[in-house]
Amino acid sequence: SQRLVDRFRRERQILAKLRHPNIAQLFDGGETEDGSPYIIMEYVEGKPLLAWAEAANASRNARIDKLLQACAAVGFAHANLIVHRDITPSNVMVTADGMVKLIDFGIARPAGANDPAPVPPSSSAGGSLQTLSLTPGYAAPERMTGAEPTTAADVYSLGKLAHALLEADAKNPELAAIIARATAHAPQDRYASVDLLAADIKAWRDGYPVLAFNTGRGGYAFSKFIGRHKRAAWATGLGLVLLLAAFAGTGIAFFRAEHAREAEARRFDEVRTLANYLLFDLNEQLRRVPGNTLARADLVTKAQGYLDALSMADNPDRDLRLETARGYFRLAEIQNSPLSRNLGMTEEARGNLQRARNALGAIEAVPASADVRITRARIDATDGLIVQTEEKDPTRGRALIDEAVKLLDAVPAEERSDDWHLARRDIGRADMEFLSVNEQMADLKAAADRHDALINGWPQSIPVDIATIERAITQYYRGLSFTYTDNDAGAVPVLRASYDTLLRQERKTPNDPDLLFFLAWSGGEGYGAAARLSDEAMAEAEYMLTGAADASRRLVAIEDRDESALTVATAVGETYAQHLGNNKRFPEAIAEQKRIVALKTAKGKPDANLAFSEMILGLIASKAKDRQLTCESWTAADQHFTEQEKLGKLLPFHSAFLPGLRKNLDVCAKGGSTFGRLR
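Counting in this note's numbering, the sequence shown runs from 6 upward without gaps.
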């Protein structure tokens, strides 16, 4: 029918957007001479999922790996607003090298696309598009009544797929809880996203607490911890049995007292385990889930209470002090780390950094051990960036970062573990960020060269992907060192290489917030350099800007209240507004820039960043010959810049615009409309 022909044509558009290692690739498409559409797809030589599992006699972990690959493919499709609608074992192929390929997107469609009214499968109308896009046994209940498919329907199908693939383990209560949540009759009772389903499957596989499994017992997280450390727990238990046997004759009263102490110790250990779980496990599961700021803020509040309880323990040993310090540092990172997504809780973060220092104080012997130096160095470097960005105190910020470097460099070479190398990476990145913000570009290039040398010296035990990402981030900062010295010809290839690498890595792990964060920044800066370079480079500039805008939108969709996400989203949005203005699309450009100003105004902090956006709005308005909006915007910008200047919080980057801005305000005051450059 014509409707199916139209749907087939739409398939080409859908598949063109889905470039993912676990999705069969579209190579070409078109129409024959008689108007029949065709597509040329990647040929997937392999077996359907269940047939592969049976033929390979696959282990439980191997089956889980394939299921998680399928989840990654579906999650990527959902991130691109595509619902598959017919996930079955026959549509999940496994190649000879073990790679999952999701096929048959021919009946997929953009979520919310307007098809004709659905027809229930029981209807006499028969072969509707709806009935062609579901498989009984794997289709969600609402699909059987003709309801429009949503991402929740794909979650249901993946739950059924998990049950079929892991049938041998189906009686496991945690797996049963996962499947029950995924295949709940009501869509709102299922996992809110495929990422959440995948996170619970990983947690079950690795012996961590499963969110769908609620036993009603406070000791669940603790029991999972013991399950992950069976050998140590067995040895501890055996030692306790022998100890009790040796002292069996000391009397019932002593035993009861000892039992009470053991019960108290168990409660303490459970608090200790739960604090670590909240900060290091659950937070990692939540950070890629859309709309989770309130949940993460609640997590932070609970973790704060647990850590405060640990810090008040009587006579804490060295390990507990170090663990508490690391917990406070992790809490501070979640609250406000200028290098990654955070909750914008500056004062709380500073307080927890100091608590981390206090916890370390009693064990910072001279010479301090490597693990203590690593933790203290991370604390100082993070505090240094917060001092720089929030308090605008570059002198003190520089001193803290330098102290962090000294602490790590003092660790002997033979004691430099993977954790040492990753801490040195974090501090090197903090150094580059500090130098870029303060426009110390010669020093920034040298710091990038040092950072590359550090990465090249990493041990093979550090995953290759981590090194690849870090090199791309280093290229981003090196590119900045070129752009800020007006060397756009040198900047473009470096920033493009950074952008392309980050884009490839983000496709491997879709919606990773940190990758999206740097992808948006590298694309935005790459656009600026290419756009300034020449007209011939404009196509490359627009390519990077489009990708940056997409990354920033997805980042904000994951977390629309996150401070760092809002920062990059407004920066890229501002760049996009200027791009529209440069192409004389003034109404769109002004509307976009007004949106950015409104976003920053809503934060309630009239700082230099708001002033900068007001200045850009005036610049776009001047190109549009809107004198009134130009002068109003520049007046507001100058007012906010002046306030920050009086407080001593104006960065060199912003100060450089003041002479040009004030000359143009003189033109406004004289009634003129011919304005000069801002910088």
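Built from N, CA and C at the ideal position, the CB exists for glycine as well.
Beta-carbon within less than 8 Å of asparagine 27's beta-carbon, same chain only, minus the 5 sequence neighbours each way: which residues are those?
Reading the sequence shown from its first residue, position 22 is the one you call residue 27. Result list for asparagine 27: Gln74, Ala75, Ala77, Ala78, Phe81, Met104, Val105, Lys106, Leu107, in chain order.
What residue does the alpha helix (DSSP H) around phenylalanine 591 start on, and which one ends it?
Position 586 of the sequence shown, counting from 1, holds the residue named residue 591. Note, phenylalanine 591: alpha helix (DSSP H), 591-607.
Could you tell me which of Glu444, Arg537, Asn587, Phe523 sits nearest to arginine 476, measuring between CA atoms?
For the purposes of this step, residue 476 is identified with residue 471 of the sequence shown, where counting begins at 1. With distances taken between CA atoms, arginine 476 lies nearest to Phe523 out of Glu444, Arg537, Asn587, Phe523.
In the structure shown, what three-state DSSP assignment does leucine 670 receive?
One-based indexing of the sequence shown puts residue 670 at position 665. Look at leucine 670 here: in three-state DSSP terms it is helix.
Just reading off the alpha helix (DSSP H) that phenylalanine 523 is part of, what are its end residues?
Locating residue 523 in the sequence shown gives position 518, counting from the first residue. Unbroken alpha helix (DSSP H) run through phenylalanine 523: 518-538.
Can you give, in chain order, each stretch of the alpha helix (DSSP H) that sits fully within the region 321-405 and has at least 4 residues?
When DSSP assignments are scanned along the region 321-405, the uninterrupted stretches of alpha helix (DSSP H) that are 4 or more residues long and fall wholly within it turn out to be 323-340, 351-366, 375-395.
Can you give me the start and stop residues for the alpha helix (DSSP H) that proline 53 sits inside?
Your numbering for residue 53 matches position 48 in the sequence shown. Premise fails: proline 53 lies in the beta strand (DSSP E), 51-53, not in any alpha helix (DSSP H).
Counting pairs of beta carbons, one from the region 324-335 and one from the region 360-367, are three or more of them closer than 8 Å?
yes
Which of helix, strand or coil does DSSP assign to proline 178?
Here residue 178 refers to the residue found at position 173 of the sequence shown. In the structure shown, proline 178 adopts helical secondary structure according to DSSP, grouped into three states.
Apart from the five residues just before and just after asparagine 347, which ones in its own chain have a Cβ nearer than 8 Å to its Cβ?
To locate residue 347, count along the sequence shown from 1; it is residue 342. Counting only Cβ-Cβ distances below 8 Å, and skipping sequence neighbours, we find Glu338, Ile339, Gln340, Asn341, Ala354, Asp567, Glu568, Ser569.
Using beta-carbon positions only, say whether isoleucine 384 and alanine 361 come within less than 7 Å of one another.
Stepping through the sequence shown from its first residue, residue 384 is reached at position 379. Stepping through the sequence shown from its first residue, residue 361 is reached at position 356. Closer than 7 Å, so yes.
Between aspartate 448 and leucine 440, which are expected to be in contact by the criterion C-beta below 8 Å, what is the C-beta distance as a whole number of angstroms?
Here residue 448 is taken as the residue at index 443 of the sequence shown, counted from 1. Here residue 440 is taken as the residue at index 435 of the sequence shown, counted from 1. Yes, aspartate 448 and leucine 440 are in contact; Cβ-Cβ is about 5 Å, under 8 Å.
Got a sec? Which residues, its chain only, sit under 6 Å from alanine 185 by beta carbon, not counting five neighbours each side?
Locating residue 185 in the sequence shown gives position 180, where the first residue counts as 1. Nothing meets the Cβ criterion.
Do threonine 527 and leucine 507 have their C-beta atoms closer together than 7 Å?
Locating residue 527 in the sequence shown gives position 522, where the first residue counts as 1. Locating residue 507 in the sequence shown gives position 502, where the first residue counts as 1. A small correction: the amino acid at residue 527 is serine; threonine does not occupy that position in the sequence shown. Yes, the Cβ-Cβ distance between serine 527 and leucine 507 is below 7 Å.
May I ask you to report which of helix, strand or coil DSSP gives leucine 683?
Within the sequence shown, numbered from 1, the residue matching residue 683 stands at position 678. In the three-state reduction of the DSSP assignment, leucine 683 falls in the coil class, being assigned neither a helical nor a strand state.
Looking only at its own chain, which residues have a Cβ that is under 8 Å from the Cβ of valine 215, when we skip the five neighbours before and after it?
Here residue 215 corresponds to residue number 210 of the sequence shown, with the count starting at 1. Only Glu179, Ala182, Ile183, Asp205, Ala208, Trp209 meet the Cβ criterion.
Could you check which residue in Ala458, Asp102, Ala453, Ala629 has the C-alpha nearest to that of tyrosine 482?
Your numbering for residue 482 matches position 477 in the sequence shown. It is Ala453 whose Cα lies nearest to the Cα of tyrosine 482.
Taking its Cβ as the centre, do 16 or more other Cβ atoms sit within 10 Å of glutamate 419, making it buried, or is it exposed?
Walking along the sequence shown from the start, residue 419 turns up at place 414. Exposed, since its Cβ has fewer than 16 Cβ neighbours within 10 Å.
With a 10 Å radius around its C-beta and 16 neighbouring C-beta atoms as the bar for buried, classify glutamine 583 as buried or exposed.
For this step, residue 583 is matched to residue 578 along the sequence shown. It is buried - the Cβ of glutamine 583 has at least 16 other Cβ atoms within 10 Å.
Please identify the residue among Trp57, Tyr532, Ala330 whose C-alpha is closest to the C-alpha of alanine 546.
Counting from one through the sequence shown, the residue named residue 546 turns up at place 541. With distances taken between Cα atoms, alanine 546 lies closest to Tyr532.
In the DSSP assignment, what are the bridge partners of lysine 4?
The structure shown does not extend to residue 4, since the chain spans only 6 to 684, so no value can be given for it.
Does the region 658-667 touch the region 590-609, meaning 3 or more C-beta pairs lie closer than 8 Å?
no
Judging by CA-CA distance, which residue of Ser466, Asn587, Gly212, Gly495 is the nearest neighbour of aspartate 540?
The sequence position of residue 540 within the sequence shown is 535, counting from 1. It is Asn587 whose Cα lies nearest to the Cα of aspartate 540.
Just checking, does the region 459-472 make contact with the region 496-503 on the three C-beta pairs under 8 Å criterion?
Put simply, the region 459-472 does not touch the region 496-503. Fewer than three CB pairs are less than 8 Å apart.
Alanine 496 and glycine 484 - do their beta-carbons sit closer together than 7 Å?
Counted from its first residue, the sequence shown places residue 484 at position 479. Counted from its first residue, the sequence shown places residue 496 at position 491. Yes.
From lysine 610 to alanine 576, what does the alpha carbon distance come to, in whole angstroms?
Taking the first residue of the sequence shown as 1, we reach residue 610 at position 605. Taking the first residue of the sequence shown as 1, we reach residue 576 at position 571. Put simply, the backbone Cα of lysine 610 is about 16 Å away from that of alanine 576.
Over the uninterrupted alpha helix (DSSP H) stretch that includes tyrosine 581, give me the two end residues.
One-based indexing of the sequence shown puts residue 581 at position 576. It spans 568-587 - the alpha helix (DSSP H) in which tyrosine 581 sits, taken as one unbroken run.
Measure the alpha-carbon distance for tyrosine 489 versus glutamate 444 and round it to whole angstroms.
Residue 489 sits at position 484 when you count from the first residue of the sequence shown. Residue 444 sits at position 439 when you count from the first residue of the sequence shown. Those two C-alpha atoms are separated by around 7 Å.
Between the Cα of threonine 380 and the Cα atoms of Leu201, Thr155, Lys411, which residue gives the shortest distance?
The residue given as residue 380 occupies position 375 in the sequence shown. Ranking the options by Cα distance to threonine 380, first place goes to Lys411.
Quick one: Cα of arginine 24 to Cα of aspartate 102, how far?
Working through the sequence shown from its first residue, we reach residue 24 at position 19. Working through the sequence shown from its first residue, we reach residue 102 at position 97. When rounded, the distance between both Cα atoms is 19 Å.
Leaving out five residues on either side along the sequence, give the residues of the same chain with a beta carbon under 6 Å from the beta carbon of arginine 682.
Here residue 682 corresponds to residue number 677 of the sequence shown, with the count starting at 1. Excluding sequence neighbours, arginine 682 sits near Gly665.
Where do the N-terminal and C-terminal ends of the alpha helix (DSSP H) with glutamate 650 fall, by residue?
For this step, residue 650 is matched to residue 645 along the sequence shown. It spans 632-651 - the alpha helix (DSSP H) in which glutamate 650 sits, taken as one unbroken run.
Pick helix, strand or coil for isoleucine 87, following the three-state DSSP scheme.
As a first step, residue 87 is located in the sequence shown; it is residue number 82 there, counting from the start. Strand, per DSSP.
Leaving aside the five residues before and after phenylalanine 487 along the sequence, list all residues of the same chain whose C-beta is less than 6 Å from its C-beta, in chain order.
As a position in the sequence shown, residue 487 is number 482, starting the count at 1. Hits under 6 Å: Gly495, Ala496.
Over the uninterrupted beta strand (DSSP E) stretch that includes leucine 31, give me the two end residues.
Residue numbering aside, residue 31 sits at position 26 when the sequence shown is read from its first letter. Here the beta strand (DSSP E) through leucine 31 covers 31-36.
Alpha carbon to alpha carbon, what distance is there between isoleucine 45 and glutamate 38?
Taking the sequence shown and counting its residues from 1, the one referred to as residue 38 is at position 33. Taking the sequence shown and counting its residues from 1, the one referred to as residue 45 is at position 40. Whole-angstrom Cα-Cα distance: 16 Å.
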